[in-house]
Amino acid sequence: MSDSIGEGHRWIIEAEIMPKQGVNDPDRDAVMSGLKSLSFDGTQRVRVGKLIRIEIQAVSEDDALDQGTRMCESLLANPVIEEFVVSAAQIG
Amino acid sequence: MSQIRAGVISFPGSNGDHDALIALETDLGIQVRRVDYREIDLSDLDAVVLPGGFSYGDALRCGAIARFSPVMEPLRAFAEAGKPVLGICNGFQILCEAHLLPGALLRNQTLKFHCFWTSVRIEQSDTPWTSALTEEDVLRLPVAHGEGAYYIGEHGLAEIERNGQVVARYATDDGDILDMANRNGSVASIAAVCNERRNVVGIMPHPERATNDLTGGSDGLRLLSGILDGALAAGPSR
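Line order of the protein sequences matches chains D and Y.
Heads up: the first sequence is residues 106 to 197, going by our numbering.
Heads up: the second sequence is residues 61 to 298, going by our numbering.
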């Protein structure tokens with residue numbers, strides 16, 4: 106049963122935004138050297154990005170993913186320096 | 061007093077707007093007015109400055125929210141009409157986010173906020189903002205930024221270098237482009253760029269904070285004074 110207020114169902118979309126390969130990332134370098142100095146010797150590679158979780162109304166998974174992608178393209182990510190992956194899960 | 065009239069946009073969180081207003085009015089001697097970020101008419105202006113600061117608290121990415129301010133639509137038309145636009149520090153970040161300038165600004169490679177005087181070498185004198193300077197001039201300007209590392213991909217870098225869009229680079233006091241002078245880690249030591257049309261310039265150091273010897277130096281005035289000729293060349297709007 107859905108308690109949606111508009112058309113469709115409630116979805117959680119997650120936008121995982123990461124610096125593009127080749128972009129200098131001093132955060133990543135600091136985390137890497139911090140882990141090494143704490144003797145996590147197996148550390149091979151670090152990436153530091155952000156996760157944005159948004160609750161939306163959508164009629165289908167495709168619709169939810171499409172909304173998330175458009176959000177990333179217009180605001181959440183900067184394509185010059187970042188890449189993103191959007192996922193969606195229905196919650197109501 | 062020159063008949064040129066410049067506007068300085070105040071976004072929520074701008075803090076260099078008053079510096080820019082005072083520098084342009086008192087030290088450069090032109091007419092200026094503060095432009096609210098909600099304004100939609102810039103037709104009384106010959107040049108526009110986007111000042112430094114922390115618009116919208118740097119939420120999401122520096123400049124990412126300010127880019128959607130109402131004033132940005134008339135600003136885009138203003139830029140497309142070939143009139144001079146200068147983005148300083150956060151203003152540079154906003155112009156990049158708005159795609160009015162190529163590239164992006166990243167965290168300083170030191171992960172520290174940089175606040176000191178630096179030297180930049182002028183690479184292009186055919187923009188309205190650098191027309192009073194000569195290529196290879198070295199200016200002493202203050203920087204104040206946490207996200208000042210200019211970034212552009214390999215392909216984009218080749219393109220802006222080919223087009224002569226790199227306006228200034230961090231340099232030693234003698235004008236040498238060395239890594240030691242590029243403390244924030246900018247690609248190719250880039251401190252300032254312009255658009256293809258050359259009327260929109262973004263610069264990370266603060267020329268508006270170097271307009272009077274009483275406050276440490278006046279090299280910034282040499283840069284800003286370019287619009288005395290540059291704005292006229294672009295054609296006043298009145």
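Positions of the beta carbon are idealized from the N, C-alpha and C atoms, including for glycine.
Which residues DSSP lists as bridging residue i, in chain order
i	result
T178 (chain Y)	Y:L201
A252 (chain Y)	Y:A228 and Y:I263
N272 (chain Y)	Y:G277
W116 (chain D)	D:I161 and D:Q195
V68 (chain Y)	Y:R94 and Y:V109
K155 (chain D)	D:I122
E188 (chain D)	D:M123
A83 (chain Y)	Its beta-bridge partners do not exist; DSSP assigns none.
A209 (chain Y)	Y:L166
S74 (chain Y)	Y:G113
Straight-line gap, residue i to residue j (C-alpha atoms, nearest Å)
i	j	result
V300 (chain Y)	I159 (chain D)	Given a span of 61 to 298 for chain Y in the structure shown, any question on residue 300 (chain Y) remains unanswerable.
A163 (chain D)	I100 (chain Y)	34 Å
M132 (chain Y)	S144 (chain D)	49 Å
T148 (chain D)	N259 (chain Y)	47 Å
I64 (chain Y)	L217 (chain Y)	34 Å
A119 (chain Y)	L156 (chain D)	14 Å
L274 (chain Y)	D87 (chain Y)	11 Å
A251 (chain Y)	I196 (chain D)	47 Å
S109 (chain D)	S179 (chain D)	Note that S109 (chain D) has pLDDT 46, beneath the 50 cutoff, so the model's placement of it is unreliable and the number below is only indicative. Answer to the nearest angstrom: the Cα atoms are 26 Å apart.
P131 (chain D)	N168 (chain Y)	8 Å
P184 (chain D)	A204 (chain Y)	26 Å
E268 (chain Y)	G280 (chain Y)	6 Å
A139 (chain Y)	G245 (chain Y)	29 Å
W177 (chain Y)	D134 (chain D)	27 Å
D96 (chain Y)	A66 (chain Y)	13 Å
A241 (chain Y)	P202 (chain Y)	13 Å
L186 (chain Y)	D233 (chain Y)	Correcting the residue identity first, residue 186 (chain Y) is Asp in this sequence and not Leu. Each residue's Cα considered, the two are about 23 Å apart.
R200 (chain Y)	L102 (chain Y)	32 Å
D168 (chain D)	F189 (chain D)	17 Å
P134 (chain Y)	Q225 (chain Y)	24 Å
Interface residues of chain D facing residue i [CB-CB closer than 7 Å]
i	result
G163 (chain Y)	V185
G245 (chain Y)	N129
9 Å Cβ cut-off: residues of chain Y touching residue i
i	result
A211 (chain D)	Beyond the ends of chain D as shown, which are 106 and 197, falls residue 211 (chain D); an answer cannot be given.
Within chain D, the residues that residue i reaches when beta carbons sit closer than 8 Å
i	result
E157 (chain Y)	N183
R121 (chain Y)	N183
A124 (chain Y)	L180 and N183
Contacts that residue i makes with chain D (C-beta to C-beta distance below 9 Å)
i	result
A209 (chain Y)	N129 and P131
G112 (chain Y)	Chain D residues near G112 (chain Y): none, gap ~20 Å exceeds 9 Å.
L166 (chain Y)	P124, V128, N129, D130, P131 and I186
Chain Y residues whose Cβ lies nearer than 8 Å to that of residue i
i	result
L156 (chain D)	Here the premise fails: no neighbours, minimum Cβ distance about 13 Å.
Exercise. Does the pairing of the region 117-130 of chain Y with the region 140-158 of chain Y give three or more beta-carbon distances under 8 Å?
Worked result: Using a C-beta cut-off of 8 Å, the region 117-130 of chain Y makes contact with the region 140-158 of chain Y, since at least three inter-stretch Cβ pairs fall below that distance.
Problem set entry | Unbroken stretches of the beta strand (DSSP E), 3 residues or longer, contained in the region 96-183 of chain Y | Here the runs fully enclosed are 107-110, 145-148, 164-166 and 174-182.
For this session: Check whether the region 209-218 of chain Y touches the region 180-196 of chain Y, counting contact only when three or more Cβ pairs, one atom from each stretch, lie closer than 8 Å.
Result: No: the two stretches stay apart, fewer than three of their Cβ pairs being nearer than 8 Å.
For this session: Tell me, please, whether the region 138-153 of chain Y touches the region 101-120 of chain Y by the rule of three or more beta-carbon pairs shorter than 8 Å.
Result: The region 138-153 of chain Y vs the region 101-120 of chain Y: in contact.
Exercise. Counting Cβ pairs, one atom from each stretch, are 3 or more of them under 8 Å apart for the region 171-178 of chain D and the region 78-97 of chain Y?
Worked result: No, because fewer than three Cβ pairs between the region 171-178 of chain D and the region 78-97 of chain Y fall closer than 8 Å, the two stretches do not touch.
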